[in-house]
Amino acid sequence: MSNETTPEEAAPGQDLESLRNPQPLYKMMRDLAPVVHMERGNMGSTIVAKHEDVLTVLRTPEIFSSNAEAVKIGQIRPLIPLQIDPPDHAKYRKLLDPLFAPKRIAGLEERTRLLVNGFIDEVIDAKKANFHLSVAEPLPSMVFLELLGLPVSRAKEFIALKDGIIRPVASDEAGRLVKVNEVGAKIYAVLSEVVEARILEPKNDFISSFLTSEVDGERLTPDEVIDICYLFFLAGLDTVTASLDCFIAYLAQNEDKRQSLIARPELIPAAIEELLRWESPVTGVARIAIQDTELSGCPIKKGTLVAPILGSANTDESFWERANEVDFERETNKHLAFGGGVHRCLGSHLARMELRVTLEEWHRRIPNYQLANGIALRYSQGLRQVENLELVW
Ligand code: HEM
135 MSNETTPEEA APGQDLESLR NPQPLYKMMR DLAPVVHMER GNMGSTIVAK
185 HEDVLTVLRT PEIFSSNAEA VKIGQIRPLI PLQIDPPDHA KYRKLLDPLF
235 APKRIAGLEE RTRLLVNGFI DEVIDAKKAN FHLSVAEPLP SMVFLELLGL
285 PVSRAKEFIA LKDGIIRPVA SDEAGRLVKV NEVGAKIYAV LSEVVEARIL
335 EPKNDFISSF LTSEVDGERL TPDEVIDICY LFFLAGLDTV TASLDCFIAY
385 LAQNEDKRQS LIARPELIPA AIEELLRWES PVTGVARIAI QDTELSGCPI
435 KKGTLVAPIL GSANTDESFW ERANEVDFER ETNKHLAFGG GVHRCLGSHL
485 ARMELRVTLE EWHRRIPNYQ LANGIALRYS QGLRQVENLE LVW
């Protein structure tokens, strides 16, 4: 199978260049239609492009709810904490935040470094690899399954289930819903099985600790534990994969930037923040208006889906100085790549650690790499993964 693609092979409506370099499209949206309602079949949504408006949506959950109507991904109950609005949302974050705090995450660094080096060992002598398949996809899955306490031996099955939700093969929204509901039922079955096993025999993992955790003096029910794990399953895997793909693709094509990281590895943490801003691997999030409202003069009716475009907010010249310059030494970088407001990413410290360790180890051992000859990178929509990231060194 060829790794190259031509515009003719792109999915309908998919503009390959805009998927690869979305920043000019974001600018056009901000200039021409900063808040716009788009009809799409029987589904429609209001797209929000300016930094100021994106922030308003994220910070006003009493108008722009993140409830289970905003995104349908096979769930039969609201996913915790993403689909719980304040005030109940806070009690779950109070429980979950300490588990993902920097100190807890630091304890995973050594194991993560070992895993990354294992993946590098497998490809280094060949002097070529598909980075997506060899590192970006397996790494977060291994880290996450071990952390959560899901059997690593079943990693392939879990990845297939997750892909069935995030990339269902369907021609329209009704078909998509049928597919994700089918896969969702399988995820619930797997999680119920593991949760029941941990109730009988606790282990040293997150699922066991959730089962004995209390929120406001009450224990989480097994269903609540399943609803947390279902979300983790989807939120913790593809996002890190997409970020690693975007970063390595950028560095393979920007020699001067890559050389600066090789010469000064201490720049890596700031480079990660800047690449999160510039690439915005999660391009946008979803909300639903739960009352009639307006944004920048555009009326929004109760029940409308609202899509704040994080990538556009992250490159908005009215907020950022030198918005179009990628600068690994930017002094402050309050990007929205992890979202904002109450639902800001729970896993940001875990994600940053995985990204940093991977960039450190990869550049230490394979500093000079480039795209394989003739490769036209294919970025996926929504979550910007690059499945044909073929490198040579
Ligand atoms: C670079 C990688 C990551 C990116 C770019 C990212 C991005 C995001 C974004 C944009 C949101 C906000 C969603 C919204 O407002 O609708 C979010 C929320 C969330 N993320 Fe991440 N994420 C990443 C990694 C992770 C990881 C590794 C985990 C593992 C647990 C995780 C767990 C979550 C959870 C649980 C939420 C919901 C938080 C809440 O509703 O309070 N994320 N993430």
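Heads up: the sequence shown begins at 135 in the numbering used here, then just goes up one per residue. C-beta: ideal position from N, C-alpha, C; glycine also.
Proximity of residue i and residue j at Cβ, strictly below 8 Å
| i | j | result |
| --- | --- | --- |
| residue 371 | residue 265 | no |
| residue 445 | residue 168 | no |
| residue 356 | residue 382 | no |
| residue 440 | residue 220 | no |
| residue 438 | residue 516 | no |
| residue 525 | residue 506 | yes |
| residue 299 | residue 207 | yes |
| residue 483 | residue 235 | yes |
| residue 239 | residue 487 | yes |
| residue 192 | residue 442 | yes |
| residue 281 | residue 344 | no |
| residue 212 | residue 361 | yes |
Whole-Å CB distance - residue i paired with residue j, under 8 Å assumed
| i | j | result |
| --- | --- | --- |
| residue 385 | residue 489 | The pair is not a contact, with the Cβ atoms about 12 Å apart (cut-off 8 Å). |
| residue 359 | residue 408 | With 8 Å as the limit, residue 359 and residue 408 do not qualify as a contact, their Cβ atoms being about 37 Å apart. |
Length of the line joining the Cα atoms of residue i and residue j
| i | j | result |
| --- | --- | --- |
| residue 396 | residue 421 | 41 Å |
| residue 144 | residue 314 | Confidence at residue 144 is low in this model, with a pLDDT of 42, below 50, so the placement of that residue is unreliable and no value is reported for it. |
| residue 285 | residue 310 | 28 Å |
| residue 161 | residue 412 | 13 Å |
| residue 436 | residue 388 | 45 Å |
| residue 158 | residue 467 | 21 Å |
| residue 479 | residue 473 | 6 Å |
| residue 403 | residue 186 | 26 Å |
| residue 354 | residue 222 | 13 Å |
| residue 335 | residue 237 | 27 Å |
| residue 391 | residue 456 | 17 Å |
| residue 329 | residue 342 | 8 Å |
| residue 226 | residue 200 | 15 Å |
| residue 454 | residue 165 | 15 Å |
| residue 611 | residue 244 | In the structure as shown, the chain begins at 135 and stops at 527. Residue 611 is therefore absent and cannot be evaluated. |
DSSP three-state assignment for residue i, whether helix, strand or coil
| i | result |
| --- | --- |
| residue 180 | strand |
| residue 164 | helix |
| residue 272 | helix |
| residue 517 | strand |
| residue 386 | helix |
| residue 479 | coil |
| residue 418 | strand |
| residue 446 | helix |
Spatially closest choice to residue i from the options, by CA coordinates
| i | options | result |
| --- | --- | --- |
| residue 376 | 414, 322, 465 and 212 | 414 |
| residue 325 | 306, 351, 308 and 296 | 296 |
| residue 500 | 269, 367 and 190 | 269 |
| residue 246 | 274, 228, 400 and 197 | 274 |
| residue 183 | 464, 447 and 502 | 447 |
| residue 205 | 231, 178, 188 and 189 | 178 |
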